[in-house]
Amino acid sequence: WVLDKLKAERERGITIDIALWKFETPRYMVTVIDAPGHRDFIKNMITGTSQADCAILIIAGGTGEFEAGISKDGQTREHALLAFTLGVRQLIVAVNKMDTTKWSEDRFNEIVKETSNFIKKVGYNPKAVAFVPISGWHGDNMLEESSNMPWFKGWTKETKAGAVKGKTLLDAIDA
Numbered sequence: 162w163v164l165d166k167l168k169a170e171r172e173r174g175i176t177i178d179i180a181l182w183k184f185e186t187p188r189y190m191v192t193v194i195d196a197p198g199h200r201d202f203i204k205n206m207i208t209g210t211s212q213a214d215c216a217i218l219i220i221a222g223g224t225g226e227f228e229a230g231i232s233k234d235g236q237t238r239e240h241a242l243l244a245f246t247l248g249v250r251q252l253i254v255a256v257n258k259m260d261t262t263k264w265s266e267d268r269f270n271e272i273v274k275e276t277s278n279f280i281k282k283v284g285y286n287p288k289a290v291a292f293v294p295i296s297g298w299h300g301d302n303m304l305e306e307s308s309n310m311p312w313f314k315g316w317t318k319e320t321k322a323g324a325v326k327g328k329t330l331l332d333a334i335d336a
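Convert by adding 161 to the 1-based position in the sequence shown; the result is the number in the working numbering.
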């Protein structure tokens, strides 16, 4: 929402056009390309994704939202497939809206299991993907570890150099 500049984007609560935002981590100069998730603007999503080195698949953790996104014709499924098809081999999965699930560990684990199965079919190795439970609205696990999810001990992903661990979305971006 922060990067949504068009009046229509803010009114409708959806991203229509790609937006750029730059920041530095200890290891990288990062340019975030906020690409539309709505199916009506898939061409804009492809434009943004085709320029990416890494994709962050933002999955809504709310009841019904995740199920709609991962369904046969769902946008979550389509975006993962498009990212892989466009050559993006690094993937981070952020399970958003954890506040709406009452910070549920069971819900997070259910989403990780389902998502792992489908990204594997697309071509990604789930063991090389960081899965991070977040609340973008409240900032939980974005930059700092959240006290609302004490059950989350962090993520681990396999790389050519060995296992990498972290706790936040920023850690995953910097890994």
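Where is the CB? At the ideal position from N, CA and C, for every residue including glycine.
query = With burial defined as no fewer than 16 other Cβ atoms inside 10 Å of the residue's Cβ, what is the status of W162: buried or exposed?
reply = As a first step, residue 162 must be located in the sequence shown, where it is residue number 1. Confidence at W162 is low in this model, with a pLDDT of 40, below 50, so its placement is unreliable and the value that follows should be read with caution. Exposed: under 16 other Cβ atoms inside 10 Å.
query = Would the segment 255–274 and the segment 234–246 be scored as touching if the rule is three or more Cβ pairs under 8 Å?
reply = A contact between stretches requires three or more CB pairs, one per stretch, nearer than 8 Å, and the segment 255–274 fails this requirement with the segment 234–246.
ask   = DSSP on W288, reduced to helix/strand/coil?
value = Counting from 1 along the sequence shown, the entry for residue 288 is found at position 127. Trp is not the amino acid found at residue 288; the sequence shown has Lys there. Of the three classes helix, strand and coil, the one that applies to K288 here is helix, per DSSP.
inquiry  = Given a cut-off of 8 Å on the beta-carbon distance, is the pair A221 and V249 in contact?
reply    = The count along the sequence shown starts at 1 and reaches residue 221 at position 60. The count along the sequence shown starts at 1 and reaches residue 249 at position 88. Not a contact, by the Cβ cut-off of 8 Å.
inquiry  = Helix, strand or coil for G300? Go by DSSP, reduced to three states.
reply    = As a first step, residue 300 must be located in the sequence shown, where it is residue number 139. Here G300 sits in coil by DSSP.
inquiry  = Using the Cβ count rule (16 or more neighbours within 10 Å means buried), how would you classify G132?
reply    = For residue 132 there is no data in the structure shown, the boundaries of the chain being 162 and 336.
key: Spatially closest choice to P294 from G284, K281, F269, K282, by CA coordinates   = As a position in the sequence shown, residue 294 is number 133, starting the count at 1. Per the Cα distances, F269.
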